[in-house]
Every structure is written in structure tokens, then in C-alpha cells.
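Going left to right, the sequence shown walks through residues 622 to 747 as this note's numbering numbers them.
Where is the CB? At the ideal position from N, CA and C, for every residue including glycine.
Data block below; observations after.
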Amino acid sequence: MSWQSYVDTNLLGTGSIAEASIIGAQGGIWATSAGLQLSEEEQATLLQAHSRPDLIQASGLVIGGVKYFCLQSNERSIYLKKGPDGAVVVKTTQAILCCIYKAPTLAGTATNIVEGLADYLISVGY
622 MSWQSYVDTN LLGTGSIAEA SIIGAQGGIW ATSAGLQLSE EEQATLLQAH SRPDLIQASG
682 LVIGGVKYFC LQSNERSIYL KKGPDGAVVV KTTQAILCCI YKAPTLAGTA TNIVEGLADY
742 LISVGY
């Protein structure tokens, strides 16, 4: 399966994820939805975010030009919110999944989808 297929089928295809991007752990966008444009600065911040959860908790993250505040952050997962919408950012062995959900999707629903794909990618070496 191509990286774009993971975005289109496993994330957007659920109907619960509005926008998604898969970024290589060493940098570079592997796949993205048409509506999510990540600047170079945003990509760099996403690559470093998991190693400094304290900074993300204090300042939040900007994704696609929108600033989200941090609900929870650890070395694997970051959960963010902006009004009724939010984002889930999960690090795997070789990639970072960055996904945005919009109301009426619940945070738990989006989290389960993104974490499930991350678990699968880790299980196959990514």
C-alpha cells in the first residue's frame, strides 16, 4: 500500500479524520490530504515535538496555520484542541502521523483511528 493510500483510506476514508499528513521521521512529507499544507517550520516543529513534550504543553502546536493547544503530550502521542476541533500527532518508528478532526467527531474516535494506524505501522517496521 502506498503512503497516500494510508492517508486516503485508513484516515480520511473513515469519515472521522478531516485532514492528514504522514511525515518521515527524518523529514519530508510522504503523503498528505489536499487541504493540509504544512510549512517547513511546522514540519520541523512536528519532528521535534515528541522529544520536548514540556514545550508543546506550554505553547501548543501550529498545524496548517492553525494554533492548537495541548491537552496531553508524551514521547509517542500529542493530543491537541482548538475549539470543537482538534488534532492527533503520533510518532512511529519511521514516521509521524499528523491528523486533524472536526466536530462532530469526538477526540476519542479520532485518537483510536490514528493510534490504531500507528500501532499497525510499528508492527510492520515503520
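For residue i: DSSP bridge partner residues
i      : result
Gln693 : Tyr700
Leu718 : Ile643 and Val711
Asp629 : Partner(s): none; Asp629 has no beta bridge.
Asp706 : Lys703
Assumed close pair residue i, residue j - CB separation to whole angstroms, cut-off 8 Å
i      : j      : result
Ala639 : Val628 : Rounded, the Cβ-Cβ distance is 12 Å, inconsistent with contact.
Trp651 : Ala716 : 7 Å
Tyr689 : Lys712 : Going by Cβ atoms, the distance from Tyr689 to Lys712 rounds to 17 Å, so no, they are not a contact pair.
Leu682 : Leu692 : That belief does not hold up - the Cβ atoms of Leu682 and Leu692 are roughly 11 Å apart, past 8 Å.
Local conformation of residue i per DSSP, three classes
i      : result
Gly729 : helix
Ser654 : coil
Tyr747 : coil
Gly684 : Note that residue 684 corresponds to Ile in the displayed sequence, not to Gly. In the structure shown, Ile684 sits in a strand (DSSP, three-state: E or B).
Gly634 : helix
Residue i, buried or exposed, once every other Cβ within 10 Å from all chains shown has been counted against 16
i      : result
Leu727 : exposed
Ser744 : exposed
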